[in-house]
Amino acid sequence: MRTRVTEQLGIAYPIIQGGMQWVGVAELAAAVSNAGGLGILTALTQPTPEDLGREIARTRRMTDKPFGVNLTILPSIKPPPYADYVEAIVEGGVRIVETAGNSPKEFIARFKERGITIVHKCTTVRHALSAERNGVDMVSIDGLECAGHPGEDDVGGLVLIPAAARALKIPIIASGGIADGRGLAAALVLGAEGVNMGTRFCVTQEAPIHDNIKQALVRGSERDTALLFRTLRNTARVFRNAIADEVRAIEQRPGGCEFEDIRPLVAGARGRAALASGAVDDGVISAGQCIGLIDDVPSCAELIARMVADCRERLDVARRFVS
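Take any residue in the sequence shown, note its place counting from 1, add 344, and you have its number in my numbering.
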């Protein structure tokens, strides 16, 4: 399975584990990389840049395969020391960075001078084109189906992926709604050269998430997610639990709501505690619509091997249809 993504990243299969807050730690990233995909640590899961440096070193002890680090840059009243996290990535010898959120423009030169490959996550073609102009090496394009923040344009992957592939010269990685070999095959046919999966890797044996949460996602259907923060124009797709329903009810009040009205319900620390305790209704849990395609909790190695085999089978079937 050779694409520009596999060749430029030095991986066997064009399957990338998305950077996920509280989830992208050494155990998961190393397992994905050892299975032939690209594992990703999440920089801001670590409390300090020094902690990130230690997590990079810990990952390197678990795998001799390529892995990357996600750095999500978001507006904040008191932003994290992004430049220091960048230095931890650089000094840790990381060769691949996934950036998300705001433009990574101010850090691109620093990454480039150290030969680091930059994959930037976008939710629109116009932002992908801007990232290409700024010098990123690949773009991961997120459709509306994805967990987390799908943007505000509400364009699904079936349109967004080929639209991006038509417009950009750099490789496209499809993200959102992909959980199996059929999705991988579809993404390749639509013009992507790899896939990025978050939710599917959350439901694996190595993911640092309580089994109660994993089983809730297994039981869920494609209808069991909710879009929060729509009224605040900061849309996020999450698992539909009691917290999500309460937030949506507050947002639908006459006159809308302010963020302060829902802050106690959506606090990151509360969501992290739910992932650790297994209390499904106690916090916001990111999940994409692909939970409707998930019915087991395999190891990362089992998942990737199955995806690759199923992808090849579906592409063979497609060839027979048109031959």
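Built from N, CA and C at the ideal position, the CB exists for glycine as well. Note that this is a predicted model, so its numbers are computed, not measured.
With a threshold of 6 Å on Cβ separation, who are the neighbours of residue i within its own chain once the five nearest residues in sequence on each side are excluded?
i	result
residue 586	625
Excluding the five sequence neighbours on either side, which residues of its own chain have a C-beta within less than 7 Å of the C-beta of residue i, listed in chain order?
i	result
residue 553	367, 546, 619
residue 524	637, 651, 654
residue 603	576
residue 531	505, 518, 522, 539
residue 358	345, 347, 349, 350, 537, 538, 539
Which same chain residues end up closer than 8 Å to residue i when comparing Cβ atoms and leaving out the 5 residues on each side of it in sequence?
i	result
residue 480	443, 448, 452, 462, 463, 464, 514
residue 574	595
residue 510	535
residue 396	385, 387, 390, 413, 429, 432, 433, 436
First and last residue of the alpha helix (DSSP H) that includes residue i?
i	result
residue 546	543 to 546
residue 673	There is no way to answer for residue 673, as the model of the chain reaches only from 345 to 667.
residue 610	603 to 610
residue 534	525 to 534
residue 397	393 to 406
residue 351	348 to 353
residue 624	Unbroken run through residue 624: none, as it is neither H nor E.
Could you give the DSSP three-state label for residue i: helix, strand or coil?
i	result
residue 411	strand
residue 581	strand
residue 389	helix
residue 566	coil
Since residue i is in the beta strand (DSSP E), which residue starts that stretch and which ends it?
i	result
residue 481	Element bounds for residue 481: n/a, residue is neither H nor E.
residue 571	569 to 572
residue 519	516 to 519
residue 386	383 to 386
residue 496	That residue, residue 496, is in no beta strand (DSSP E); it is neither H nor E in DSSP.
Given a threshold of 16 other Cβ atoms within 10 Å of its Cβ, counted over all protein chains shown, does residue i qualify as buried or as exposed?
i	result
residue 665	exposed
residue 494	buried
residue 409	buried
residue 392	exposed
residue 597	exposed
For residue i, which beta-bridge partners are listed by DSSP?
i	result
residue 465	484
residue 540	360, 519
residue 441	413, 462
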